[in-house]
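First up is the structure itself, then whatever we jot down about it.
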């Protein structure tokens, strides 16, 4: 039996290359800013494997032919033909296939971009899209909603660049997001989304903690952390305080001061050098923070403890 979706992809293979022209450009629709990061044709044969990883953008996989396996939330999901699933930002996941099998399909990647100060807030369909993806389910589902048809419209437009324009292609991509938003807000998806909310929140906190550990040496602000997680500062700050019992700022300070102690005990670096390496910027700010938290100066701490470590 012929697979008409597979044949459609074959007919529009060139379109995937043509769509590269709309990548990495900020698009604004009714106050919603988003950036398209990838529109990929997938044709994976046997032994396809992508190890556990995560990224800061949204990713959608649609399996047209064959099946794939995705590991998320300590579970393995089999994605059969005509099924798709969303990978929210910060979600750890891995991809594989059963031995001797392969699959075909496509993947979309995009991110939502914060508006400039003073810009209008998203409204209408744009607001629907933004709100829907904030709590969108990662559970695989069958395409009973004509999502492939909307994607085909994008491929069709891109097949002949002389008869279309960049804006038309960008709006076609937005129509895909709008279609998906309708699915995620539908009755069928209310229960999975609510059930999965705790996982989404836990994952956000874990990603935030990992980000702090990886970037403490930079002059970070709490707002920078929220931006890297693609959430509002107020939402992340409230959630972080609830889960960790301390504020984002205090956690970042805690991590930095622990690193300062390591430098004081195990290196001969000057205080000014330690300040630069731990995100404090200068030794005076470091000293004030250290004394506030530990009731002792960095120099005195090194003097009292380093000799013990060296013995």
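Residue numbers (my numbering): -14 to 296. Cβ atoms here follow ideal geometry from the backbone N, Cα and C, with glycine treated the same way.
Could you tell me which uninterrupted alpha helix (DSSP H) segments, each at least 4 residues in length, are contained entirely in the segment 88 to 134, listed from first to last along the chain?
-> The qualifying runs are 110 to 119.
Run through DSSP, which three-state label would residue 170 get?
-> By 1-based counting over the chain shown, the position of residue 170 is 185. If DSSP states are grouped into helix, strand and coil, residue 170 belongs with coil.
Check each candidate in -10, -4, -12 and name the one with the smallest Cα separation from residue 144.
-> Indexing the chain shown from 1 puts residue 144 at position 159. Nearest to residue 144 by C-alpha distance, out of -10, -4, -12, is -4.
Taking C-alpha atoms, which residue in 139, 208, 274, 216 lies nearest to residue 238?
-> To locate residue 238, count along the chain shown from 1; it is residue 253. Ranking 139, 208, 274, 216 by Cα distance to residue 238 puts 274 first.
Residue 81: which of 107, 225, 34, 246 sits nearest, CA to CA?
-> As a working mapping, residue 81 is identified with position 96 in the chain shown. 34 is the residue among 107, 225, 34, 246 whose C-alpha sits nearest the C-alpha of residue 81.
Identify, in the order they occur along the chain, each residue of the same chain with its Cβ nearer than 7 Å to the Cβ of residue 67, setting aside the five sequence neighbours on each side.
-> For the purposes of this step, residue 67 is taken as the residue at position 82 of the chain shown. Close CB contacts of residue 67 within its chain, under the 7 Å cut and outside five residues either way in sequence, are with 127, 128 (chain order).
From 230, 279, 243, 138, pick the residue whose C-alpha is nearest to that of residue 1; which is it?
-> Taking the chain shown and counting its residues from 1, the one referred to as residue 1 is at position 16. Closest option to residue 1, Cα to Cα, is 138.
Residue 50 to residue 136, Cα distance in whole Å?
-> For the purposes of this step, residue 50 is taken as residue 65 along the chain shown, with counting starting at 1. For the purposes of this step, residue 136 is taken as residue 151 along the chain shown, with counting starting at 1. About 16 Å.
Can residue 189 and residue 95 be called in contact, C-beta distance under 7 Å?
-> One-based indexing of the chain shown puts residue 189 at position 204. One-based indexing of the chain shown puts residue 95 at position 110. No, the Cβ-Cβ distance between residue 189 and residue 95 is not below 7 Å.
What's the gap between the Cα of residue 92 and the Cα of residue 266?
-> For the purposes of this step, residue 92 is taken as residue 107 along the chain shown, with counting starting at 1. For the purposes of this step, residue 266 is taken as residue 281 along the chain shown, with counting starting at 1. C-alpha separation (whole angstroms): 42 Å.
Cut-off 7 Å between Cβ atoms - residues of its own chain near residue 212, not counting five sequence neighbours on either side | In the chain shown, residue 212 corresponds to position 227, counting from 1. Excluding sequence positions up to five before and after residue 212, its CB lies within less than 7 Å of the CB of 99, all in the same chain and listed in chain order.
List the residues that DSSP assigns as beta-bridge partners of residue 35.
-> Taking the first residue of the chain shown as position 1, residue 35 is located at position 50. DSSP output for residue 35 lists 80 as bridge partner(s).
Taking all protein chains shown into account, do 16 or more other C-beta atoms lie within 10 angstroms of the C-beta of residue 19, making it buried, or fewer, making it exposed?
-> Taking the first residue of the chain shown as position 1, residue 19 is located at position 34. Buried, by the Cβ-count rule.
My guess is that residue 46 and residue 64 are in contact by the Cβ rule of under 8 Å, so how many angstroms apart are they, rounded?
-> Translated into the one-based positions of the chain shown, residue 46 becomes position 61. Translated into the one-based positions of the chain shown, residue 64 becomes position 79. Sure, about 7 Å apart at Cβ, within 8 Å.
Going by DSSP, name the residue or residues bridged to residue 56.
-> In the chain shown, counting from the first residue as 1, residue 56 sits at position 71. Residue 56 is bridged to 61, 79.
When you compare only the Cα positions, how much space is there between residue 6 and residue 153?
-> For the purposes of this step, residue 6 is identified with residue 21 of the chain shown, where counting begins at 1. For the purposes of this step, residue 153 is identified with residue 168 of the chain shown, where counting begins at 1. Going from the Cα of residue 6 to the Cα of residue 153 covers about 12 Å.
In its own chain, which residues sit with a C-beta less than 8 Å from the C-beta of residue 123, not counting the 5 before and 5 after it?
-> The count along the chain shown starts at 1 and reaches residue 123 at position 138. Closer than 8 Å at Cβ, skipping near neighbours: 57, 58, 70, 71, 72, 73, 76, 181.
Quick one: Cα of residue 282 to Cα of residue 115, how far?
-> Here the question's residue 282 lines up with position 297 in the chain shown. Here the question's residue 115 lines up with position 130 in the chain shown. So the two alpha carbons sit approximately 48 Å from each other.
If you count every other CB in all the chains shown that lies within 10 Å of the CB of residue 223, and 16 or more means buried, which is it?
-> As a working mapping, residue 223 is identified with position 238 in the chain shown. When all chains shown are included, residue 223 counts as exposed.
Cα-Cα separation, residue 25 to residue 199 = Residue 25 sits at position 40 when you count from the first residue of the chain shown. Residue 199 sits at position 214 when you count from the first residue of the chain shown. Distance between the alpha carbons of residue 25 and residue 199: 30 Å.
List the endpoints of the continuous beta strand (DSSP E) containing residue 19.
-> Taking the chain shown and counting its residues from 1, the one referred to as residue 19 is at position 34. Counting along the chain, the beta strand (DSSP E) containing residue 19 begins and ends at 17 to 29.
Are the beta-carbon atoms of residue 15 and residue 108 separated by less than 7 Å?
-> In the chain shown, the residue the question calls residue 15 occupies position 30. In the chain shown, the residue the question calls residue 108 occupies position 123. Their beta carbons are under 7 Å apart, which means residue 15 touches residue 108 by this criterion.
State the beta-bridge partners of residue 13 as determined by DSSP.
-> Here the question's residue 13 lines up with position 28 in the chain shown. 18.
Taking only runs that begin and end inside the segment 232 to 264, name each unbroken beta strand (DSSP E) of 3 or more residues, in chain order.
-> Whole beta strand (DSSP E) segments, 3+ residues: zero.
Straight-line Cα distance separating residue 17 from residue 111 = To locate residue 111, count along the chain shown from 1; it is residue 126. To locate residue 17, count along the chain shown from 1; it is residue 32. If I take the Cα positions, the gap works out to 6 Å.
Would you grab the beta carbon distance between residue 298 and residue 89 for me? Rounded to a whole angstrom, and I think it's under 8 Å.
-> Nothing about residue 298 can be read from this structure; the chain reaches only from -14 to 296.
Beta carbon of residue 132, beta carbon of residue 164: below 7 Å?
-> The residue given as residue 132 occupies position 147 in the chain shown. The residue given as residue 164 occupies position 179 in the chain shown. Closer than 7 Å, so yes.
For the candidate residues 134, 209, 291, whose alpha-carbon lies nearest to that of residue 252?
-> For the purposes of this step, residue 252 is taken as the residue at position 267 of the chain shown. When only C-alpha atoms are compared, the closest one is 291.
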